[in-house]
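**Q** This is the structure I want to talk about, given as structure tokens.
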Amino acid sequence: MKKLLVVDDQYGIRVLLNEILQKDYAVYQAANGVQALSIVKEENPELILLDMKIPGMDGLEILRRIKVTHPDIKVIMMTAYGELNLINEAIELGAVSYFSKPFDIDDVRQVIREHL
């Protein structure tokens, strides 16, 4: 079973994504960058759903750090803000895709399938 990591400071988003993805994937959750990096190191997930806006270490910084140690992990950014400059920067840093919140569950599943 492929491993997926959901990184979002919003508990509700993590629970929702876990709920819809757990039957197809082994889902791990992190509320912040420190937890995310620890899970990446321990579990080496194939794909990460990473929120752009996280207090402390933001999504771009988490992405940078993941790509240094685990360049093969695919990262899909999530943003509630639709900030194109941040999305472009994330893609340049190695994110494979992104989606905006609120998101359509079927769209999320489709993007994950495309990259796994």
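Okay, so the sequence shown: first residue is 384 according to the working numbering, each after it adds one.
Just so it is clear, CB atoms sit at the ideal spot from N, CA and C, and this is done for glycine as well.
1. Taking the C-alpha atoms as reference points, what is the distance between A440 and R492?
2. Bridge partners of Q412, per DSSP?
3. Out of N401, K386, S480, L400, which has the shortest C-alpha to C-alpha gap to E429?
4. Please go through the same chain and pick out, in chain order, the residues whose beta-carbon is closer than 8 Å to the beta-carbon of G477, but skip the five residues on each side of it.
5. Using C-beta distances below 6 Å, list every residue in its chain close to A409, excluding the 5 sequence neighbours before and after it, in chain order.
6. As a quick exercise: from A463, L433, P438, pick the residue whose alpha carbon is nearest that of I456.
7. If L443 sits next to L469, beta carbons under 8 Å apart, how far is it from one beta carbon to the other, in whole angstroms?
8. At which residues does the beta strand (DSSP E) containing K457 begin and terminate?
**A** According to the data block:
1. In the sequence as presented, Ala is not what sits at residue 440; that position holds Met. Using only the alpha carbons, I get a separation of about 26 Å.
2. V389
3. K386
4. L446, K450, P454, V458
5. M384, K386
6. L433
7. 7 Å
8. 457 to 462
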